[in-house]
Structure formats: C-alpha cells, structure tokens
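Residue numbers (the working numbering): 90 to 437.
Glycine is no exception: its CB is placed at the ideal position from the N, C-alpha and C atoms.
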Ligand code: PBG
C-alpha cells in the first residue's frame, strides 16, 4: 500500500515509538574491552594516539577488570608488553609472562568476568612480526639489489631477505595458548594469521587436558592501516617489511569466507572480523553463511579517528560512539571488541 496510506514517519514520531520498533539493540554484554598490560606497579600511561586508553601495570589492570565487571561488560581481552623481546617470543609462553601474571591476578580478584587472551607473537618478538623469521639464503645478491633499487618511500611488502615461517610458528602459538589457559584465561583468541593455527592450538589445548577452553579465532583479519595506534600501545610495529604476507588483502571478501570456513573446520568456537567499520560487508556475509557467534574488532585506528574528531568538537561523542557500535551490531556481530566499551556501557 503506497503513500498516502503508508507513512513510515508514523512510527518515528516519538522516542517511545522509535524504541518499540528498534531492530538492533546494544547491551554492555556485547562489548569486550581491550587492556594493555605492562611491567611495573602503579603504572597508567596514556597512549598518545588513543585518548582514554592506557598501558597498565598488573595492579592497575586488576582495577580495570573490576570496573569492567561492574559495568556488566561481556569480557576483557588482554595484550602484553613484555620486559624483553627475543626471536622465539619467550615472553608469550613463559609461565611468568606478563599476560599470565595479569590473568592470575585478575582471576584471583574478580569473579565471573570472561577474560580473553590474545595469542600473537608480534609483541614478544624482537623483530615485531607475528611469526618466526628466517633470513633467506643469499641467491647471488638478489635481495640487496632489490633493496638498492627501491627508495625509502617504496619499501617492498616484505624485506626480500627475510621470510615469515608458517609451520615453526604453530608450535609456539600452541605453547602460548596452553600457557595462557593454564594461567586461567577463559578464551584463547589467535590473531597471528598463520595457516593451520586454530587446529594446532586446539590440539595443543586438548593434549594438555584443556579441552573445555574455547577458541575465538581472528579468522578474517585484514592487513590494515587502521592498526597504527595499536602498534604504539602494544609496542609491536614490525622492524622491517609489513604484515601483508600473512594478514589478508583488504580487497577480498570471498577469500575471507574461506578463512572463516577453514577456522571452523579446525575447531574455532567463534570467529572474528577485523577491522570492523571498513569491513561491515564481510561481517554481514559471514553472518549470512555461518551459524557460530561472530565478533568484530573496532580497532585502534577506528577509535583514534573518532576521538580526534570528537576532541576537535567536530563530532558528538555519544552519538558517533553508539552509531558506530550499532552499525557493527546491525551488520551481524554480536560481540564487539572496542576501546569505547566502558564509555558506551555507561551510556546504556
Ligand atoms: C596482533 C594484533 C594487532 C591488533 C590486535 N592484535 C595488531 C597487528 O596485527 O598489527 C590490532 C588491534 C587494534 O588496532 O586495535 N597481531
């Protein structure tokens, strides 16, 4: 029945009417709050490009965890800044690693809060890559020639002299997952993008008697410019090259579906799309095709971009915060990892 019988504005007349027919709702349980844990005590150091986000020592992280619980958040996810870095990512899987210590402290003080552990090696590797790096055997100086040819502005995607090894990395990832789960992490979230890592982690957990620890796989993680501020927060920028040989090409939707499908086959209990706002179509397609819970990560650059405009008075904080989160929810993600978690929960 067309106009004038049908008038869509009828149901928009007042907030009670609009609220009654609202299709997408946000609750604090939708939000997962990322925390960056660093060594020391009483430390709360703000990330310059992420106002309101801090590097926190374990004691301060415990306070944030308590607050997250009191706001009714779905959970928190922990990232670690280790004391030292090396080429086998010792800090990621050591018993007294920074995230392991933070987890024990949080679990001791805060009950019934879901604590997720990000499993990646970049923060713990001296070179800042997410996997084991091997220097390529010199083939008649081809590498150095290629380097001479390209100016500083046109750096090659990956240093031609190095490669990131897939299979040797899997072992370290599985070891890291087991160590985190033993420390009390509730959900293991691998974000490294090595092939086969979900299967390797599942096997590692099962063999360690941790068959009940779920895996939230960063299944479709794109090589994105929007991770910039995170690399300051987690001190994880690669020292050479970039991540394009393992993270996905932002142009590929069908390949994202293959990544998700493989992770499900390997045992993922939940999957993630990352970043969120530039990839809403990927979230929507994943929601259409798969039946497991879907998470999306509103990453550091998305947050920084909104905060910059908010601080300039160009955007209204509360409106854009809720609108951006609603859009991610509407696309089909039921869990949203977001630096706005606490602020949004306060508003709701
Ligand atoms: C680790 C990791 C990254 C993010 C989450 N886990 C950075 C990267 O891949 O470079 C990014 C999160 C954010 O930008 O907020 N690999």
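A residue is called buried when at least 16 other Cβ atoms come within 10 angstroms of its Cβ; residue 138 meets this threshold and is buried.
Distance check between residue 319 and each of 106, 117, 397, 123 places 123 closest, using alpha-carbon atoms only. In this structure, the alpha-carbon of residue 333 lies about 21 Å from that of residue 370. With a beta-carbon spacing of about 5 Å, residue 289 and residue 263 fall inside the 8 Å limit used to define contacts. Nearest in C-alpha terms to residue 202, of all of 172, 151, 112, is 151. Three or more beta-carbon pairs separated by less than 8 Å are not found between the region 406 to 423 and the region 337 to 354, which leaves the two stretches without contact. Note: residue 133 is bridge-paired with 145 in the DSSP secondary-structure output. Apart from the 5 residues on each side of it in sequence, residue 120 sits with its Cβ closer than 7 Å to the Cβ of 162, 163, 425, 427, 430, 433, 434 in its chain, given in chain order.
Here residue 127 is bridged, per DSSP, to 146. Looking only at 102, 100, 117, 136, the smallest Cα-Cα distance to residue 389 is reached by 136. Taken through DSSP and simplified to helix, strand or coil, residue 423 comes out as coil.
Cβ-Cβ distances below 6 Å link residue 199 to 154, 155, 158 in the same chain, with the five nearest sequence neighbours on each side left out; the list follows chain order.
With a cutoff of 7 Å on beta-carbon distance, residue 257 and residue 287 are scored as not near each other. Non-local C-beta neighbours of residue 168 in its own chain, meaning closer than 6 Å and more than five positions away in sequence, comprise 125, 207, 323, ordered along the chain. Closest option to residue 387, judged by alpha-carbon separation, among 129, 310, 341: 310. Taking 6 Å as the cut-off, the C-beta of residue 316 counts as close to a heavy atom of the ligand PBG.
DSSP, read as helix, strand or coil, puts residue 212 in coil.
For the pair residue 359 and residue 378, the Cα-to-Cα distance works out to about 14 Å.
Annotation: residue 314 is outside any alpha helix (DSSP H) and is labelled neither H nor E by DSSP. In summary, residue 364 is buried, with 16 or more beta-carbon neighbours lying within 10 Å of its beta-carbon over all protein chains present.
The alpha-carbon of residue 403 is positioned some 44 Å away from that of residue 272.
Placement of the Cβ of residue 159 at a distance of 6 Å or more from every heavy atom of the ligand PBG is found. With 16 or more neighbouring CB atoms inside 10 Å of its own CB, residue 283 falls in the buried class.
Beta-bridge partners of residue 368 (DSSP): none assigned.
Residue 176 and residue 132 have their C-alpha atoms some 27 Å from each other. The beta carbon of residue 393 sits closer than 8 Å to the beta carbons of 138, 139, 317, 318 from its chain, once the five residues preceding and following it are set aside; these are given in chain order.
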